Amino acid sequence: KQRMLGNILIHLPARESVSGRFVEPFVGGGAIFFAFNPARALLADLNSELIDLYRSLRRHPKEVWTAFRGFPTTKKGYYKVRDMDVRQFSLAGRAARTLYLNRGIDRRRFGRPFRAPLLPTLRTKRDTIRRTRIDTDLR
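In terms of my numbering, the sequence shown opens at residue 4 and continues consecutively.
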């Protein structure tokens, strides 16, 4: 949806004219939700890990960030985290793991893992700058 965002947004009503709740049944990366920025919203997706991510970011942003920063930056570490049982993590830990794995493209489709190889740059200098800004915003 992000690639088509401009074409989608022109068909949505003005944010101020929406008096009820904005419902996003297939939130995915949230391109429409974040661009529209509704006052009230219901986000849904078949991917429960993704919903846990959004829920945890809303409730425990600092804990998610702390857990995310604790994950390894090596290829071997990435695969070790990928193979961990998600049930061993707290909600914030699961959210951090989902963020971490999506940096290396571990997609979930219909409740089953669809694994792609690790991207060559798990964390880049640009990501470090972006994470620093996020970290500053959470204080």
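Glycine residues also receive a C-beta, built at the ideal position from the N, C-alpha and C atoms.
All figures in this text were calculated on a predicted structure; none of them were measured in a lab.
Which residues DSSP lists as bridging residue i, in chain order
i, result
"PHE92", "Paired residues: none, contrary to the question."
For residue i, the first and last residue of its enclosing beta strand (DSSP E)
i, result
"ALA47", "Note, ALA47: premise wrong, no beta strand (DSSP E); not H, not E."
Bounding residues of the alpha helix (DSSP H) (the contiguous stretch that carries residue i)
i, result
"VAL67", "64-72"
Which of helix, strand or coil DSSP assigns to residue i
i, result
"VAL26", "strand"
"ILE35", "helix"
"ALA98", "helix"
"LEU15", "coil"
"MET84", "As written in the sequence, residue 84 is Val, which differs from the Met given in the question. Of the three classes helix, strand and coil, the one that applies to VAL84 here is helix, per DSSP."
"ASN105", "helix"
"PRO75", "coil"
"ASN40", "coil"
"VAL21", "coil"
Presumed contact (8 Å Cβ cut-off) between residue i and residue j, rounded CB distance
i, j, result
"LEU104", "ARG85", "6 Å"
"LEU102", "LEU45", "At roughly 22 Å, the Cβ-Cβ gap does not stay under 8 Å, so LEU102 and LEU45 are not in contact."
"ILE35", "ILE54", "Not quite, the Cβ-Cβ distance comes to about 16 Å (not below 8 Å), so this is no contact."
"PRO41", "VAL67", "No, PRO41 and VAL67 are not in contact; Cβ-Cβ is about 22 Å, not under 8 Å."
Any chance the stretch 91-110 sits against the stretch 53-69, with 3 or more Cβ pairs inside 8 Å? As far as the Cβ criterion goes, the stretch 91-110 touches the stretch 53-69, which means the pair count is three or higher.
Touch test, the stretch 66-80 against the stretch 41-54, Cβ-Cβ under 8 Å, three pairs minimum: Proximity of the stretch 66-80 to the stretch 41-54 falls short of the contact definition, fewer than three beta-carbon pairs being nearer than 8 Å.
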